[in-house]
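J.:
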Amino acid sequence: MLASTIKKIWHTLVQVYNEFSIESTIHGVKHTTHAKSVSGRILWVIIITSSFCAAGKLAFLFYNRHQSASMSTLIVSPQFPTKMIPLPAVTLCHGSIAAIQKVLPYLTSQERIYIPRGLTRDDFEHTIRYLREAIYPKNHYPEELDKLQHILTANRLSLSELFDNISPNCTDMVIMCQLNGKTKPCEKIVNPVITPYGVCCAFNYEDPQENLRRSNEESKTYYSVNFGARYVISFLMRPIHSRDRMSSVMYGEGIKVLIHEKYTYPGPTAFEFVAASGRETIAKLYPTALTSSSEIQHLSSTARGCYVSLPSRKNRYRADNCYIHCRETIMRKLCGCIPFSASIIETGVQICNLTHISCLARITLQTYTLTLQDPECKCLPDCENTSYKVAVTTLPLSAVQYSPGKFYETAARISNATALHVTFARHSAMLQRRELVLSWINLISSLGGVFGLFLGCSFVSLIEIIYFFCIHFPYKLRFKRESQSLDSTVNKYYN
C-alpha cells in the first residue's frame, strides 16, 4: 500500500516537472526532459545542476559581504560651506600651574590652610614647586610629594581643589575675547575646566559629565560666516612673568592651546600648539564633516563597525572620549584610582593623590600605547563627526600701534601679551559620507545578476517554481486521489 502511494506521488511529480520544464523561463531546463537522447538529458541535468551550484555559491558570497557591512568613505563635496560647520572648542592652558600671586595669599590665610606639626609654611611653598609631577608623573621627588600630600590630607584637600586655589584663573589669564568680530565678556563664553594639564579655560566645550557649569547661552552651538583674515574667535591673554611662577608644565612663556570638537574631552587626542608670549598666533582651520547614510544608521553598531551618537542622548558618544576613558580604566585597574583630571568621575571611585605618583609613572608607557581597536578599550569609531586640521602661523606682536581697534589698543598696553586668532582657512570644507559597499538594493541586484548569468532566470522564475511545485503539484495529487475514489465508487455500484 505504501509503495503504491509513493509510486503515485513520484509519477505525479514527474508529470509536474515535465510541465514545468516546458513552461519555465529558466534556460536549459526543457532540455532535461525533451532532449532527443538519454545522454543529452543527462548532460543538461549536469549543466543545470552545476549552474545552480555556481549561482548559489556566488549568492552566498554576496550575502556574507552584505552581512559584514563593509563601508567606504566617499567625498560628497569639497565645497561644503563652512558656515554650516560648528565651531570647535578652544581650550587655553597656562604654562604656570602655581603662581606666587595665588600661593602667598592662600598660604598666609589662617582660615584656608592648616600646616600640620613637623612642617612649616616654607615646606608648603617648597613642595609646591614639584607639583608638575601631578601632571607628568615621573616620581623624581617622592619625599617632597609626601610632605605636600601630608599637608593636603590634613586640610582634606584634593588635587583639583589645590589647583583651583593656586593656579591662575581665567579672569587673570584671558583679558579680552572677540567672537565673529564682536567683543564679548570673557566670563560669558570662557569657563574653567579641569584637564590633564591642570586648570584651563575652555570656549565652546560641553562637558559630558556636566562638571562644567554652563548657561543656556554658553551651551548653544556656534557657527560663523567668517574666514581668512576675518577671524572667527580672538583671545588676548596676559602673561605671567617667570619670576611669578612657582611650578610650570612648560619651560617657555606662552599659552598651550587645544583645539578639539565641542563634545570631545580636551586631552591628548586634541590638536595642541603653543601661542608664545609677545606674539600673535593665527590658527587656520581645515574642517571635515563626516556623515553616514541612513542604511548604515539602521544597522547595529557591531555590523556597521562604528557608533552613532544621537543628539537626543544626554552623553554623546565620541571615539576620542572612549579612548581616554579606556586609559583611565586601565589606570584604575593597575593603581586603584583615576587621575584627578579624569574625563569621567564616577561616584565612589578613588581619585589619585600624590601617593599614587610612583604607580602612575610606572604605567604611563603602558597606557599611552593603547589603540582605539585595543581589546581593553572596545571603542568604535564615530559614524558621524567633525574633525579639524590646523595650520598655525606666528609673528611678533611688535606693530600693534598701527592696527586700529580696541583689541590691539588693549594689546599695546600689556607687556608681552599673547594674541590668538582662530579662523576658517577658506569658505569651504570637505563633506564626506560613509556608505555601505553592498546595501540591500545592491544585494538584490547582485543576486539577480548572478542567477541571470548562470540560469537566465528572473523573479518570475521563482514564482513559476512556487506555482508548479507548491500549488499545481498538490492540486494534481488531490485531483488524482479524488478521481481514483470516484472510480472505486462507480465500480462498486455497478458490481
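Under the numbering used here, the sequence shown has 70 at position 89, and the numbering climbs by one with no breaks.
Note that CB positions come from ideal geometry on N, CA and C, so glycine has one too.
Hey, could you find the ends of the alpha helix (DSSP H) F435 is sitting in?
T.: Within the sequence shown, the letter at position 454 stands for residue 435. Run containing F435: W421 to L436, per the alpha helix (DSSP H) assignment.
J.: Can you confirm whether the stretch 395 to 409 touches the stretch 311 to 331 when touching is taken to mean that 3 or more C-beta pairs between the two stretches lie within less than 8 angstroms?
T.: Contact fails: fewer than three Cβ-Cβ distances are below 8 angstroms.
J.: Please report the residue range of the alpha helix (DSSP H) in which N146 lies.
T.: Position 165 of the sequence shown holds residue 146. Looking at the DSSP string, the run of the alpha helix (DSSP H) that includes N146 is L140 to I147.
J.: Within the continuous beta strand (DSSP E) that includes S172, where are the two ends?
T.: Working through the sequence shown from its first residue, we reach residue 172 at position 191. In the sequence as displayed, the identity of residue 172 is Asn instead of Ser. Looking at the DSSP string, the run of the beta strand (DSSP E) that includes N172 is V171 to T176.
J.: What residue from Q347, D363, N366 and C364 has the CA that sits closest to E357's CA?
T.: Your numbering for residue 357 matches position 376 in the sequence shown. Selected option, being the one with the closest Cα: Q347.
J.: Taking the beta strand (DSSP E) that A210 falls in, what are its first and last residues?
T.: Within the sequence shown, residue 210 is the residue found at index 229, counting from 1. No beta strand (DSSP E) holds A210; DSSP gives it neither H nor E.
J.: Is R299 near the ligand ADP, with its Cβ less than 7 angstroms from a heavy atom?
T.: Here there are no bound small molecules, and the ligand ADP is not part of this structure.
J.: Take N(-1) as the anchor and find which of P118, F450, T345 and N207 has the nearest alpha-carbon.
T.: Reading the sequence shown from its first residue, position 18 is the one you call residue -1. When only C-alpha atoms are compared, the closest one is F450.
J.: Report yes if the C-beta distance between P69 and E242 is below 8 angstroms; otherwise report no.
T.: Your numbering for residue 69 matches position 88 in the sequence shown. Your numbering for residue 242 matches position 261 in the sequence shown. Cβ atoms of P69 and E242: closer than 8 angstroms.
J.: Flag this pair as touching only if the stretch 431 to 444 and the stretch 246 to 254 have three or more C-beta atom pairs under 8 angstroms; answer yes or no.
T.: The stretch 431 to 444 is not in contact with the stretch 246 to 254.
J.: Where does K119 fall in DSSP's three states?
T.: On the sequence shown, residue 119 is found 138 positions in, with the first residue counted as 1. If DSSP states are grouped into helix, strand and coil, K119 belongs with coil.
J.: Does the count of Cβ pairs from the stretch 377 to 384 and the stretch 298 to 308 closer than 8 angstroms reach three?
T.: Too few Cβ pairs lie closer than 8 angstroms, so no.
J.: Identify whether S282 lies in helix, strand or coil by the three-state DSSP scheme.
T.: Position 301 of the sequence shown holds residue 282. Of the three classes helix, strand and coil, the one that applies to S282 here is helix, per DSSP.
J.: Is DSSP giving Q159 helix, strand or coil here?
T.: By one-based count along the sequence shown, residue 159 stands at place 178. Q159 falls in the strand class under three-state DSSP.
J.: So for D355, helix, strand or coil by DSSP?
T.: For the purposes of this step, residue 355 is identified with residue 374 of the sequence shown, where counting begins at 1. The answer is coil: DSSP assigns D355 none of H, G, I, E or B.
J.: Give the secondary structure of N366 by DSSP, where H, G and I count as helix, E and B as strand, and everything else as coil.
T.: Here residue 366 corresponds to residue number 385 of the sequence shown, with the count starting at 1. Note: N366 maps to strand in three-state DSSP.
J.: For N207, I'd like the list of residues in its chain whose CB is within less than 8 angstroms of its CB, leaving aside the five on either flank, ordered along the chain.
T.: Locating residue 207 in the sequence shown gives position 226, where the first residue counts as 1. Taken in chain order, the residues that qualify are N161, G162, V213, T404 and F405.
J.: Beta-carbon separation of Y117 and V289 under 8 angstroms?
T.: As a first step, residue 117 must be located in the sequence shown, where it is residue number 136. As a first step, residue 289 must be located in the sequence shown, where it is residue number 308. No, the pair does not count as a contact, with Cβ atoms beyond the cut-off.
J.: Confirm, please, whether the CB-CB distance from M52 to G286 is below 8 angstroms.
T.: One-based indexing of the sequence shown puts residue 286 at position 305. One-based indexing of the sequence shown puts residue 52 at position 71. Yes. Within cutoff.
J.: Roughly how many angstroms lie between the CA atoms of L140 and P173, to the nearest whole one?
T.: Here residue 140 corresponds to residue number 159 of the sequence shown, with the count starting at 1. Here residue 173 corresponds to residue number 192 of the sequence shown, with the count starting at 1. Rounded to the nearest angstrom, the two C-alpha atoms are 15 angstroms apart.
J.: With a CB to CB cut of under 6 angstroms and the five nearest residues on each side skipped, what residues in its chain are close to V(-5)?
T.: The sequence position of residue -5 within the sequence shown is 14, counting from 1. Answer for V(-5): no residue qualifies.
J.: For L378, does the three-state DSSP call read helix, strand or coil?
T.: Residue mapping note: residue 378 aligns to position 397 of the sequence shown, counting from 1. L378: coil per DSSP, three-state reduction.
J.: Three-state secondary structure (DSSP) at S2?
T.: In the sequence shown, the residue the question calls residue 2 occupies position 21. If DSSP states are grouped into helix, strand and coil, S2 belongs with the helices.
J.: Between P385, I444 and V238, which lies nearest to T6 when the distance is taken from Cα to Cα?
T.: In the sequence shown, counting from the first residue as 1, residue 6 sits at position 25. It is I444 whose Cα lies nearest to the Cα of T6.
J.: Whose CA, out of S274, P59 and T(-7), lies closest to the CA of L417?
T.: As a working mapping, residue 417 is identified with position 436 in the sequence shown. Among S274, P59 and T(-7), the Cα nearest to that of L417 is on S274.
J.: At 3 residues or longer, what runs of the beta strand (DSSP E) sit wholly inside the stretch 229 to 309?
T.: Listed in chain order, the complete beta strand (DSSP E) runs (minimum 3 residues) inside the stretch 229 to 309 are 235 to 241, 252 to 257 and 260 to 273.
J.: Compute the Euclidean distance between the alpha carbons of I338 and Y178, then round it to the nearest angstrom.
T.: Within the sequence shown, numbered from 1, the residue matching residue 338 stands at position 357. Within the sequence shown, numbered from 1, the residue matching residue 178 stands at position 197. Those two C-alpha atoms are separated by around 15 angstroms.
J.: DSSP beta-bridge partners for S58?
T.: To locate residue 58, count along the sequence shown from 1; it is residue 77. L412.
J.: On the CB-based measure, 16 or more other CB atoms within 10 Å of its CB, does D127 come out buried or exposed?
T.: On the sequence shown, position 146 is the one that residue 127 refers to. So D127 ends up on the exposed side.
J.: Measure the alpha-carbon distance for I132 versus E327 and round it to whole angstroms.
T.: For the purposes of this step, residue 132 is taken as the residue at position 151 of the sequence shown. For the purposes of this step, residue 327 is taken as the residue at position 346 of the sequence shown. Going from the Cα of I132 to the Cα of E327 covers about 26 angstroms.
J.: Going by the DSSP bridge assignment, what does I319 pair with across the sheet?
T.: Along the sequence shown, read from residue 1 onward, the residue named residue 319 stands at position 338. Answer by DSSP bridge pairing, in chain order: I332.
J.: Whole-angstrom Cβ separation of Y369 and P247, contact assumed at under 8 angstroms?
T.: For the purposes of this step, residue 369 is taken as residue 388 along the sequence shown, with counting starting at 1. For the purposes of this step, residue 247 is taken as residue 266 along the sequence shown, with counting starting at 1. Between P247 and Y369 the Cβ distance is about 13 angstroms, and since that is not below 8 angstroms, they are no contact.
J.: Which first and last residues belong to the alpha helix (DSSP H) in which F388 is found?
T.: As a working mapping, residue 388 is identified with position 407 in the sequence shown. Residues K387 to A393.
J.: Taking the C-alpha atoms as reference points, what is the distance between A(-16) and Q278?
T.: Mapped onto the sequence shown, residue -16 falls at position 3. Mapped onto the sequence shown, residue 278 falls at position 297. Each residue's alpha carbon lies about 57 angstroms from the other.
J.: Taking the alpha-carbon positions, what's the F43 to I175 distance?
T.: Indexing the sequence shown from 1 puts residue 43 at position 62. Indexing the sequence shown from 1 puts residue 175 at position 194. One C-alpha to the other measures close to 50 angstroms.
J.: Is it right to say Y488 is buried, meaning 16 or more other beta carbons lie within 10 angstroms of its own, or is it exposed?
T.: Given that the chain is displayed from residue -18 to residue 476, the structure contains no residue 488 and the question cannot be resolved.
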